[in-house]
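Peer 1: FYI, in the working numbering the residues of the sequence shown are 340 to 639. So that we are looking at the same thing, I have put the structure below in structure tokens.
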Amino acid sequence: MGTDEARATLAAIPALAGYDGPLERLGGMTNLVFRAGDICLRIPGKGTEEYINRANEAVAAREAAKAGVSPEVLHVDPATGVLASRFVAGAVTMSPEKFKLRAGTPARAGEAFRKLHTSGAVFPFRFELFAMIDDYLKVLSTKEVALPPGYHDVVRESDTVRASLAAHRLPIAACHCDPLCENFLDTGERMWIVDWEYSGMNDPLWDLGDLSVEGRFDTAQEEEMMRAYFGGEAKPAERGRVVTYKAMCDLLWTLWGLIQLANNNPVEDFRAYADGRFARCKALMETPEFSRHLAAVRQG
């Protein structure tokens, strides 16, 4: 699969069928992504239909564009998962290194999250952490791949986390839920967010905690993001939720990595990816600081 498939896909979309210019392959861990002039074309990867609802994604992508945080959607087909959006010219695709080197990027990401979370947008999917862990475990029960040793033990230990988060629930909001650095496009003045495959209504502080993990933020970067998001210093309970979700996103995405391994996704070593995420989750949960943050969450 490659440019031939991309050209055939474009040709099948009436509004875009006239494009005959160059195609540039862009990044993507599970999908084929191409630039076609001022169009960004996404063709879904093999096996993604097992765990991604494309109809939900279609609604979320359009809603995020209306909220002003994501590029205009030019075409989306929930049946096939093909999506075409406006290419953001002049924007830099982010990475952990670029979040360190480009001044103000953690703040611009925090501002983009705040814009999304306060937009009033409604996404069809309810992103619920523990239900998704159960769902991913069901998918993996049909695959020949081993969980990291002790995974179920940590899931049982996370009952305390579940109770703490439930003690003072935040109103759910439209969230991205999968804030890989590569899903952020920075113009230097504005941060755009793309790829709404996993998006849903969620505790908004999940997005902040997950981006901190994906971007390998240090304390200063995390503070910059939170100050921009909250408009000042985060309260202890707010900071505690961000830290809690840093551990929980690793617990969840460990399973996602194992699904990629089972599906023979060649993009990276997903055995090492899953084991590394699980080890990081356990290490954070075992720190005294994590217990203090969890206590702050419980107190509200």
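By construction, the Cβ of each residue, glycine as well, lies at the ideal position given by its N, Cα and C atoms.
Less than 7 Å between C-beta atoms, sequence neighbours within five positions excluded: which residues of the same chain meet that for ILE382?
Peer 2: If we look at ILE382 and ignore the five residues flanking it on each side, its Cβ neighbours are GLU344, ALA345, THR348, ASN370, LEU371, VAL421.
Peer 1: Quick check: what's the CA-CA separation for THR419 versus VAL582?
Peer 2: If you take the alpha carbons of THR419 and VAL582, they lie about 37 Å apart.
Peer 1: Return yes when the Cβ of ASP546 is within less than 8 Å of the Cβ of ARG580, no when it is not.
Peer 2: No, these two residues do not count as a Cβ contact at 8 Å.
Peer 1: Smallest Cα separation from ILE511: which of MET540, GLN638, ARG441?
Peer 2: Answer by Cα proximity: MET540.
Peer 1: Quick one: Cα of ASN603 to Cα of ALA399, how far?
Peer 2: Those two C-alpha atoms are separated by around 28 Å.
Peer 1: Would you tell me roughly how many angstroms separate the C-alpha atoms of GLY376 and GLU411, rounded to the nearest one?
Peer 2: Taking the straight line from one Cα to the other gives about 15 Å.
Peer 1: Measuring CA to CA, which of PHE609, THR342, LEU380, ARG374 is closest to ILE352?
Peer 2: Answer by Cα proximity: LEU380.
Peer 1: Where ALA559 and ARG566 are concerned, what is the direct C-alpha to C-alpha distance, given to the nearest angstrom?
Peer 2: Approximately 10 Å between the Cα atoms of the pair.
Peer 1: Quick one: what does DSSP say ILE472 is sitting in, helix, strand or coil?
Peer 2: Here ILE472 sits in helix by DSSP.
Peer 1: Suppose the cutoff is 6 Å on Cβ atoms and the five residues either side in sequence are ignored; what does the same chain contact list for VAL606 look like?
Peer 2: Correct list, in chain order: MET368.
Peer 1: State buried or exposed for ALA394, treating a residue as buried only when at least 16 other CB atoms are found within 10 Å of its CB.
Peer 2: Per the 10 Å Cβ criterion, exposed.
Peer 1: Could you have a look at ALA512 and say whether DSSP puts it in helix, strand or coil?
Peer 2: Correct three-state label for ALA512: strand.
Peer 1: Say whether the region 501-518 touches the region 459-473, bearing in mind that this needs 3 or more beta-carbon pairs closer than 8 Å, one atom from each stretch.
Peer 2: Touching, yes, given that three or more Cβ pairs across the two stretches are closer than 8 Å.
Peer 1: For SER630, which option in ALA601, LEU590, CYS588, ALA576 has the closest C-alpha, if you only look at C-alpha atoms?
Peer 2: Among ALA601, LEU590, CYS588, ALA576, the Cα nearest to that of SER630 is on ALA576.
Peer 1: Using the C-alpha atoms, what's the distance from TYR358 back to PHE617?
Peer 2: If I take the Cα positions, the gap works out to 44 Å.
Peer 1: Determine the direct distance from the alpha carbon of ARG401 to that of SER458, and round the result to whole angstroms.
Peer 2: Cα to Cα, SER458 sits roughly 13 Å from ARG401.
Peer 1: Could you check if LYS585 is buried or exposed, using at least 16 other CB atoms within 10 Å of its CB as the buried criterion?
Peer 2: The residue in question, LYS585, is buried, as its Cβ has 16 or more Cβ neighbours within 10 Å.
Peer 1: Just verifying my parser: in three-state terms, what is the DSSP assignment at TRP595?
Peer 2: Note: TRP595 maps to helix in three-state DSSP.
Peer 1: For LEU633 and SER497, which I take to be in contact (beta-carbon distance under 8 Å), what is that distance rounded to the nearest angstrom?
Peer 2: Not quite, the Cβ-Cβ distance comes to about 10 Å (not below 8 Å), so this is no contact.
Peer 1: Could you compute how far the alpha carbon of TRP535 sits from the alpha carbon of ALA506?
Peer 2: If I take the Cα positions, the gap works out to 29 Å.
Peer 1: Short of 6 Å in beta carbon distance, which residues of its chain neighbour PRO487, apart from the five on each side in sequence? Order them along the chain.
Peer 2: Closer than 6 Å at Cβ, skipping near neighbours: ASP614, PHE617.
Peer 1: Comparing C-alpha positions only, which one of LEU455, ALA622, GLY443 sits nearest to LEU590?
Peer 2: Ranking LEU455, ALA622, GLY443 by Cα distance to LEU590 puts ALA622 first.
Peer 1: Does the separation of the CB atoms of ALA451 and ILE532 fall below 8 Å?
Peer 2: Yes, the Cβ-Cβ distance between ALA451 and ILE532 is below 8 Å.
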